[in-house]
Amino acid sequence: MADTRVTLGGVELKNPVIPASGTFGYGYEFARLYDINCLGALSFKGTTWEPRFGNPTPRIAECTAGLINSVGLQNPGVEKVIAEELPKLQACFGGPIIANISGFSIEQYADTAALLDKEEGVAILEINVSCPNVSHGGMSFGTQPDMAARVTAAVKEVTKKPVYIKLTPNVADIVAIAKACEEAGADGISMINTLLGMRVDLRTRRPVVANKMGGFSGPAILPVALRMVWQVYEAVRIPIIGMGGVSRAEDVIEMMLCGAAAVQVGAANLVDPFACQKIVADLPTVMEKYGIENLKDIIGGAHHG
Ligand code: SIN
């Protein structure tokens, strides 16, 4: 029988499929559609110290094989997330919960992480230094190795939970940033966030999204994500959660062969809310088709010929 179990450091997942932050709310919204306990883990909506209303609308632009979002980290703030959203998620999901954290200063990252560190229900902290949709903070912490390392070190200081740093692809050398995070104590890397992009409306001759630019995701970016996971896997020893354009069980396997220990599914949830459920259901059949008995065995397999 196909063994789909994987581990992220010490955290056991029944399968590698994880809805990506920002595409699955706080999880309980999707529990109305299907039993989300089929998921390997769940990364909830990016959470900040203060509540955020997000960017002006329109925030979404459709593209060939993907979409651009410019949500701007809309969320109710960490205190409300802990008091209201987390209990609702825990009431319908027994698997590992990944708390996705964004910030506008190193102190905010650390303070938000310190509060979520106290939550027993949170298994992993995913530190987003890669949001392209805010004018300061967000991605600016993830485009330079020393800044990414400073955020990593500050968060590690306030938590005993595993810390995964979520990286942006909008850099010249993602390997240098991943290595800096590892050296600063990161327990793992999440990659990749969205690619900075834009669209123009031919009738108005103006950018489609109000913020002009946004993060491009969807099946079109899978090859970019695979390439970057491949490169980072060769350079670091910590586990990688791979993401970017994953929409099928075959993509999960491809991502793991490049080096991902688990895989997040993002834009696909916005196209089909049942996407993760379908990927989980398809995994054993696809594993059998390609002669895979145990998913743990294939991590980084494409590197070894
Ligand atoms: C957003 O809320 O703007 C998306 C978050 C992200 O891309 O990191």
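The sequence shown maps to residues 58 to 362 in the numbering used here.
Using N, Cα and C, we set each Cβ at its ideal position, and we do this for glycine too.
Distance, residue j Cα to residue i Cα
i: A180; j: D60; result: 22 angstroms
i: E214; j: T261; result: 50 angstroms
i: A267; j: P108; result: 21 angstroms
i: K175; j: D168; result: 11 angstroms
i: L70; j: T64; result: 6 angstroms
i: C364; j: L96; result: Absent from the model: residue 364. The displayed extent of the chain is 58 to 362, so no value can be given.
i: E183; j: V257; result: 33 angstroms
i: A306; j: I246; result: 21 angstroms
i: A233; j: I349; result: 33 angstroms
i: K353; j: V303; result: 18 angstroms
i: T342; j: I336; result: 10 angstroms
i: V191; j: F273; result: 15 angstroms
i: C238; j: I222; result: 7 angstroms
i: I295; j: Y91; result: 33 angstroms
i: P280; j: E177; result: 36 angstroms
i: Y85; j: T105; result: 19 angstroms
i: H193; j: K269; result: 16 angstroms
i: E136; j: Y347; result: 46 angstroms
i: D244; j: A156; result: 14 angstroms
Beta-ladder partner(s) of residue i, from DSSP
i: T104; result: I158
i: A118; result: I125
i: Q321; result: I75, M300
i: M248; result: G299
i: T80; result: None; T80 has no bridge partner.
i: G271; result: G254
i: R410; result: The structure shown does not extend to residue 410, since the chain is modelled only from 58 through 362, so no value can be given for it.
Selection from the options that minimises the alpha carbon distance to residue i
i: F161; options: P153, V186, P144, L182; result: V186
i: Y83; options: N94, G123, F101; result: F101
i: V251; options: A277, A233, I93, K137; result: Checking the sequence, you will find Thr at residue 251 rather than Val. Considering only alpha carbons, the answer is A277.
i: I298; options: P219, N351, T342, D230; result: P219
i: G358; options: Y290, G152, V320; result: Y290
i: A319; options: I249, R89, E142, L253; result: I249
i: T351; options: H360, Q147, V322, L314; result: It should be pointed out that residue 351 corresponds to Asn in this sequence rather than to Thr. Of H360, Q147, V322, L314, the residue nearest in Cα terms is L314.
i: M255; options: N72, T121, V68, G79; result: T121
i: A88; options: I139, S78, K145, V135; result: K145
i: G275; options: L99, M300, T114; result: M300
i: L124; options: F110, N227, G323, A98; result: G323
i: I231; options: W106, A211, D203, I117; result: D203
For this session: Taking 8 angstroms as the threshold, find out whether the segment 323 to 333 comes into contact with the segment 280 to 294 through three or more Cβ pairs.
Result: no
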